[in-house]
Amino acid sequence: DDQKCAPDGLMSSLTESVASTVVEKVTLSCISVPSRGYQAECPKGYKAICCSCTNAGCYWDISNDQTCLCQCAKPISTTVNRIGVIARCCKIAM
Amino acid sequence: DDQKCAPDGLMSSLTESVASTVVEKVTLSCISVPSRGYQAECPKGYKAICCSCTNAGCYWDISNDQTCLCQCAKPISTTVNRIGVIARCCKIAM
Amino acid sequence: DDQKCAPDGLMSSLTESVASTVVEKVTLSCISVPSRGYQAECPKGYKAICCSCTNAGCYWDISNDQTCLCQCAKPISTTVNRIGVIARCCKIAM
Numbered sequence: 003d004d005q006k007c008a009p010d011g012l013m014s015s016l017t018e019s020v021a022s023t024v025v026e027k028v029t030l031s032c033i034s035v036p037s038r039g040y041q042a043e044c045p046k047g048y049k050a051i052c053c054s055c056t057n058a059g060c061y062w063d064i065s066n067d068q069t070c071l072c073q074c075a076k077p078i079s080t081t082v083n084r085i086g087v088i089a090r091c092c093k094i095a096m
Numbered sequence: 003d004d005q006k007c008a009p010d011g012l013m014s015s016l017t018e019s020v021a022s023t024v025v026e027k028v029t030l031s032c033i034s035v036p037s038r039g040y041q042a043e044c045p046k047g048y049k050a051i052c053c054s055c056t057n058a059g060c061y062w063d064i065s066n067d068q069t070c071l072c073q074c075a076k077p078i079s080t081t082v083n084r085i086g087v088i089a090r091c092c093k094i095a096m
Numbered sequence: 003d004d005q006k007c008a009p010d011g012l013m014s015s016l017t018e019s020v021a022s023t024v025v026e027k028v029t030l031s032c033i034s035v036p037s038r039g040y041q042a043e044c045p046k047g048y049k050a051i052c053c054s055c056t057n058a059g060c061y062w063d064i065s066n067d068q069t070c071l072c073q074c075a076k077p078i079s080t081t082v083n084r085i086g087v088i089a090r091c092c093k094i095a096m
């Protein structure tokens with residue numbers, strides 16, 4: 003009895019129906035991670051998409067997909083107790 | 003007849019075919035929403051991923067996943083009829 | 003032999019389990035594309051999600067989903083051999 007449980011027809015219809023369910027359910031899930039100083043890290047499972055540097059004259063770059071780095075023309079005076087970086091971290095979720 | 007209908011092999015091949023179908027079908031759909039002043043809102047169905055503050059000395063943050071806020075050291079002089087904020091809004095679409 | 007291989011109960015649980023596995027496989031794939039001057043372009047297949055302008059007094063906008071543009075109050079002095087723009091380019095991948 004070699005009746006295969008999922009003949010090709012069933013496989014492709016299963017694929018179509020599950021794929022459209024997934025497409026309806028998946029969404030972008032994003033969080034903001036603020037941090038003092040020049041660096042902010044996204045939690046595991048998230049990727050750094052972009053960053054906000056709170057001090058004037060700084061621009062941002064991202065290293066290893068996880069970490070926002072603010073590069074500043076003038077060093078941030080550490081006495082200023084202000085947030086330095088906000089990482090915007092996203093993932094695909096259901 | 004304990005012939006299981008979905009043996010592991012079938013499950014993993016189904017998962018593979020569904021995953022590749024989904025990746026083919028879905029895409030990142032993004033729009034830019036400019037607005038005067040300090041705030042720009044993403045339309046329903048989109049999420050705010052990041053923002054651009056058009057006035058020097060401002061940085062951005064995002065509230066409730068929808069709204070870009072520019073926080074500026076100096077108030078934007080309202081007589082300057084310039085865009086203040088650009089929200090970058092994205093969603094997963096087919 | 004009308005033994006249907008996938009009655010409704012099996013279908014929804016199959017969908018659930020495949021869907022959650024697929025969501026783990028489908029991910030955001032992002033790269034940073036640095037460029038001198040005022041403009042940086044994302045490679046084919048990627049979309050420009052946001053940008054970083056490395057010169058103070060500039061803000062960014064995105065045109066045709068692919069290109070980061072830095073709009074600067076003062077022109078970037080071309081002798082300054084510094085990166086002008088970093089485009090953050092993303093796509094959905096496995």
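Protein chains in written order, with the numbering used here: chain A, 3 to 96; chain B, 3 to 96; chain C, 3 to 96. For glycine and all other residues, C-beta sits at the position ideal for the given N, C-alpha and C.
1) What are the start and end residues of the alpha helix (DSSP H) that includes A89 of chain A?
2) Any beta carbon from chain A within less than 8 Å of V35 of chain B's own beta carbon?
3) Am I right that S54 of chain A and D63 of chain B are in contact with their C-beta atoms under 8 Å? What's the rounded C-beta distance?
4) Helix, strand or coil for A50 of chain C per DSSP?
5) List, in order along the chain, the chain C residues whose C-beta lies closer than 9 Å to that of A58 of chain B?
6) For V87 of chain B, would you say it is in contact with chain A, using Cβ-to-Cβ distances shorter than 8 Å as the test?
7) Compare the beta carbon distance of A42 of chain A and V24 of chain B with 8 Å and say whether it is the shorter of the two.
8) Using a C-beta to C-beta distance shorter than 8 Å, which residues of chain C count as neighbours of L16 of chain B?
9) I want to verify the contact list: residues of chain A whose CB lies under 8 Å from the CB of C92 of chain B, in sequence order.
10) Consider the Cβ of T23 of chain B: report whether some Cβ of chain A lies at a distance smaller than 8 Å.
11) Thinking C-beta only, is C92 of chain A closer than 8 Å to R61 of chain A?
12) Shortest alpha-carbon distance to P77 of chain B belongs to which of B:R90, B:G59 and B:E26?
13) Starting from D63 of chain A, trace the beta strand (DSSP E) in both directions and tell me its first and last residue.
14) On the DSSP letters alone, give me the boundaries of the beta strand (DSSP E) that A75 of chain B sits inside.
15) For Q5 of chain B, name the three-state secondary structure that DSSP assigns.
16) Quick check on the DSSP output: the alpha helix (DSSP H) that includes V20 of chain B runs from which residue to which?
17) Any beta carbon from chain B within less than 8 Å of M96 of chain C's own beta carbon?
18) Does any C-beta atom of chain C lie closer than 8 Å to the C-beta of C52 of chain A?
19) Put Q68 of chain A into one of helix, strand or coil per three-state DSSP.
20) Mapping DSSP to helix, strand and coil, what is C32 of chain C?
21) Have a look at the DSSP bridge pairing and note the partners of C55 of chain C.
22) Residues of chain B with a CB under 7 Å from the CB of K27 of chain C: which are they?
23) Give the single residue among C:Y40, C:V28 and C:I33 whose Cα lies nearest to the Cα of N66 of chain A.
24) Would you verify that the beta carbon of K46 of chain A is, or is not, closer than 8 Å to some beta carbon of chain C?
Well, looking at it:
1) Run containing A89 of chain A: none in the alpha helix (DSSP H); it sits in the beta strand (DSSP E), I85 to A95.
2) no
3) 6 Å
4) strand
5) A58, G59, C60, Y61 and A75
6) no
7) no
8) L16 and V20
9) L30
10) yes
11) Checking the sequence, you will find Tyr at residue 61 of chain A rather than Arg. For Y61 of chain A and C92 of chain A, no; Cβs fall outside 8 Å.
12) B:G59
13) C60 to S65
14) Careful: A75 of chain B lies outside any beta strand (DSSP E) and carries neither H nor E.
15) Low local confidence applies: a pLDDT of 44 at Q5 of chain B is under 50, so the model's placement there is unreliable, with the coordinate-based value given in what follows. Here Q5 of chain B sits in coil by DSSP.
16) D10 to K27
17) yes
18) yes
19) coil
20) strand
21) C:V87
22) A21
23) C:I33
24) no
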